[in-house]
Each structure stands twice: as C-alpha cells, then as structure tokens.
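Read the structure below first, then the notes.
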Amino acid sequence: MSMLAAMIAGIFALGFLTFPWLGGGWFWDLGNGLGFLAYGGLLFQAIPGRRGRMLRRHETLGYAVLGLVLAHGFWLLTGDAAVRFYLLPGAPIHMWLGLTGVILLSVLTVLARLPDRRNLHRDHGSFRRWHRGLGLAVVLAAAGHVLLSGFYLPHWWQVAGLLLLSLGAGLGRGAWARLGPPPAATVRGYLGLGLLAVAAFVTRGVWGHEAVAGLCLWAVAGLGAAGLARHRPAHPARAAAGNDPGGAAHAFWP
Numbered sequence: 000m001s002m003l004a005a006m007i008a009g010i011f012a013l014g015f016l017t018f019p020w021l022g023g024g025w026f027w028d029l030g031n032g033l034g035f036l037a038y039g040g041l042l043f044q045a046i047p048g049r050r051g052r053m054l055r056r057h058e059t060l061g062y063a064v065l066g067l068v069l070a071h072g073f074w075l076l077t078g079d080a081a082v083r084f085y086l087l088p089g090a091p092i093h094m095w096l097g098l099t100g101v102i103l104l105s106v107l108t109v110l111a112r113l114p115d116r117r118n119l120h121r122d123h124g125s126f127r128r129w130h131r132g133l134g135l136a137v138v139l140a141a142a143g144h145v146l147l148s149g150f151y152l153p154h155w156w157q158v159a160g161l162l163l164l165s166l167g168a169g170l171g172r173g174a175w176a177r178l179g180p181p182p183a184a185t186v187r188g189y190l191g192l193g194l195l196a197v198a199a200f201v202t203r204g205v206w207g208h209e210a211v212a213g214l215c216l217w218a219v220a221g222l223g224a225a226g227l228a229r230h231r232p233a234h235p236a237r238a239a240a241g242n243d244p245g246g247a248a249h250a251f252w253p
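Residue numbers for the sequence shown follow numbering that gives the first Met the number 0, so the first one is 0 and each next one is one higher.
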C-alpha cells in the first residue's frame, strides 16, 4: 500500500509544483483528479513480480483503475458539452490517445480474466507477453494523453518527472526483486488514498481551503515516504525466488 501511496503522491505533486494553490475550477479539477488517480493506479499495476494470492488483488485493482478511467471520461463528457467535440474527426491528438488508452485498457482488463484468457493463449508465457505488450501500449497512450494536453504539466521538468515515474514502475523483475517483496494494495486502500489526493487537487483552488489541500497531499505523501523507508532490499534467497522464470508473475513489462 505504501508504494501505491508514493506513486499517487508523486503524480499529484507534479501537478502542484507549478501553481500550488491555483486550480482550473472544481469541475475540471475533479474530473482530471480522477484521471491522475487512475494513472497512478495504472503505474502501480505495471510493477512486476506479483504471484499467488497477489494476482487476485492485481485483478481487482485493475477493475478499479478501469472504473476510474471511465469515471474521468464520462464526468467531463456529461458536464461540459464542448468536450464532446473532442470525439469528432479533427480532435487533438491527445484526445485520440486518451480514447485509445481507454479502449486498450478495457481489452486488457476483460481478456486477462480467467478462464477467458485460457481460450485465447496456448500457455502462460504467451499470455504474459501479450499482457505486457498491451499494458505498455496503455501506459504510453495515457502518458501521451496527459502530457500533450499541457493542462496541468506544462513544463519540461514536469514532463520528465512523469516519465521517470512511469519508467520506475516498469523496471525489470530483477530490479524490483532486489528492492524487496512485490508491493501489494487493496481496492479499499487505493480509493482511500485517492480520496485524499483528489480532495487536495480540488480544494487547492478554492479560496480558504489551501490548508485542507496541503494536509491531504501531505497525508498521502507521508504514507508513501514511510512505506518507502520500510521497503528494504530483500534477502538474497527471496530475490532469487523473485527472479524464478517459472513463476506466474503478472506485470506489464519484463
């Protein structure tokens, strides 16, 4: 859970760095806050090395990420008629990337379910290669959607920060195995952290609520920092087990 908190805090902090107390209005901040929360969950899902009972958590968390992505899109579409023009031919590239990401994530989530995936893949290795490749495409489409819009991350160093977070989540299995056991999270914890982060994102632009925003963001960041401090390198035997090529690791990237 602590690694998820660190991921969410890092993404939202990037949006705070340019104009910490200036928002785009509660409607847009709420809609885009849901999008940032979904992206944080997507990056957490990309961390390699899950196996056993953690695969079930990985699956259920994937449903939550997909739900937030859909909530992000439908919130903006139903609340602002102008957004609907972004679905027409001639829409900006970042909107097409966002729509592509939604479609790919839906396919990724639905076709990864058992027993459906057994009907599509001859063995687990085939499924893993397909799952990694499609997951990478989702991350790239989502990153392009966020960065090319330029709404909340207009500066190059914010772009670099988001790319570093994305690359960090996709480190190889060997690198994550040396850091310790694969991180785990529950849907309840994900939504709880998300409530704090989105509340900070929305209330920062409301006069008189800067303190609320600051407290919410610091709470998420504190949980993440505390967890990272406890995330020590694993015992060599455990690290070797994490590199077992026969394991049923469930991740986007190798």
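All residues carry an ideal CB built from backbone N, CA and C; glycine is no exception.
Query: Give the DSSP-derived three-state secondary structure of residue 62 in the structure shown.; Result: helix
Query: Would you mind working out which of 35, 5 and 9 sits nearest residue 144, comparing C-alpha positions?; Result: 35
Query: Rounded to whole angstroms, how far is the Cβ of residue 142 from the Cβ of residue 161, which I believe are closer than 8 Å?; Result: 7 Å
Query: Look at the Cβ atom of residue 189, then the Cβ atom of residue 14, and state whether they are nearer than 8 Å.; Result: no
Query: Does DSSP put residue 150 in a helix, in a strand, or in coil?; Result: coil
Query: Classify residue 27: buried if its beta carbon has 16 or more other beta carbons within 10 angstroms, exposed otherwise.; Result: buried
Query: Over the uninterrupted alpha helix (DSSP H) stretch that includes residue 10, give me the two end residues.; Result: 1–15
Query: What whole-angstrom Cβ distance do residue 6 and residue 32 have, given they're in contact under 8 Å?; Result: Wrong, their Cβ atoms sit about 15 Å apart, outside the cutoff.
Query: Mapping DSSP to helix, strand and coil, what is residue 131?; Result: helix
Query: Mind pulling the beta strand (DSSP E) runs of 3 or more residues that sit fully within the segment 65–124?; Result: none
Query: Cα separation between residue 69 and residue 97?; Result: 11 Å
Query: Taking the C-alpha atoms as reference points, what is the distance between residue 179 and residue 53?; Result: 15 Å
Query: How is residue 55 classed by DSSP in three states: helix, strand or coil?; Result: helix
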